[in-house]
Amino acid sequence: MHPSDQWQICVILNSLWLAAAALLLESYMSQALKNLLTLLNLEKIEEGLFRGQSEDLGLRQVFGGQVVGQALYAAKETVPDERLVHSFHSYFLRPGDSKKPIIYDVETLRDGNSFSARRVSAIQNGKPIFYMTASFQAPEAGFEHQKTMPSAPAPDGLPSETQIAQSLAHLLPPVLKDKFISDRPLEVRPVEFHNPLKGHVAEPHRQVWIRANGSVPDDLRVHQYLLGYASDLNFLPVALQPHGIGFLEPGIQIATIDHSMWFHRPFNLNEWLLYSVESTSASSARGFVRGEFYTQDGVLVASTVQEGVMRNHN
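Numbers 399 to 712, taken from this note's numbering, label the letters of the sequence shown in order.
If you want it as structure tokens, here you go:
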């Protein structure tokens, strides 16, 4: 074989290897992300009725983001594929039991020319633990403006919450240790770390970068209910920061009362999103927070609002 032919073969093989490696990298999905997607993909029992399981995150009750994500999944299964959720409003009525399944009952409120509305009830032990109303819209052009993204350091070089937890593993209670140091479905990199076990006084602002730990399927609806799950991370505890309290300190009780979210523009959770959160009020044993998700190039893709109970039993 002529040397030039050998060189061409080597170039072709190298190109094929690089293409295969890139494809594998794009399709990589961590086991933690696979588990979360499986958790959020509900079992259909009959029309408008779904069943979901729960995960134990070492908290006192079912994680609110899980119920939000599952309710969004149930609702989107009842609307045409081209209609995407643009907002939801929800109330948490009772704490969920992570050891028992949750039934999701979807009621069709309206199917119009442009919008569809759904009401979702999450039920355990025959009682509702959560209600959501969600609105879906087909893509439509219109006026455009948005708030300017706040300044924040880039995620590159910032340690993840998992890395921080691993460095503090010797301080974690046994019941939380495995949950905190293990691989997570979403990679979260805080701009400033706030210790949930021992708070410090700080302004009621927080910024974290979030992306999927692996490759999420190319379906915006999947990215939306994953972001619904993520929207409950690093949220209500921001209202404790001016008081120097960590939400996992002994005697501290926090629980979501209501949670709302608006999806403004398409996004890709395989890429970094900045979650910028602030608390503008705490009163009457309730904390109020609001947040915004931005892409790295400054596009506002979603907004969130939440109010929750905050009590110090010490």
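Cβ coordinates follow ideal geometry from the N, Cα and C atoms, glycine included.
Given Val699 as reference, the closest of Glu705, Arg709, Tyr673 once Cα atoms are compared: Tyr673
Who does Ala532 pair with in a DSSP beta bridge? DSSP, once it has assigned bridges, lists Phe486, Arg516 as partnering Ala532.
Whose C-beta lies closer than 7 Å to the C-beta of Ser512 among residues of the same chain, with five residues either side of it excluded? Gln535, Ala536, Glu538
Do you know how far the Cα of Gly597 is from the Cα of Ser613? One C-alpha to the other measures close to 34 Å.
I need the DSSP call for Gly626, collapsed to helix, strand or coil. Helix, per DSSP.
Whole angstroms are fine: how far does the CA of Ala600 sit from the CA of Tyr623? 31 Å
Closest by C-alpha distance to Leu482, when choosing among Val697, Phe661, Ser681: Of the listed residues, the one whose Cα sits closest to Leu482 is Phe661.
So the candidates are Pro553, Ser580, Asp554, Gly555; which of them puts its Cα closest to the Cα of Leu566? Ser580
Less than 6 Å between C-beta atoms, sequence neighbours within five positions excluded: which residues of the same chain meet that for Leu595? Non-local beta-carbon contacts of Leu595 in its own chain, meaning distances under 6 Å to residues more than five positions away in sequence, involve Gly644, Leu646 in chain order.
Gly524: buried (16+ other C-beta within 10 angstroms of its C-beta) or exposed? Exposed, since its Cβ has fewer than 16 Cβ neighbours within 10 Å.
How about Ala563 and Leu570: do their beta carbons lie closer than 8 Å? Yes, they are a contact pair.
Measuring alpha carbon to alpha carbon, tell me which of Val606, Ile527, Arg508 ends up nearest Pro548. Val606
Option nearest Arg508 by Cα separation, candidates Ile527, Ala473, Tyr502, Glu542: Ala473
Relative to the C-alpha of His641, which residue among Ser679, Leu667, His568, Met659 is closest? Ser679
Using beta carbons (cut-off 8 Å, strictly below), is Ser514 in contact with chain C? In the displayed structure, chain C is absent; only one protein chain is listed.
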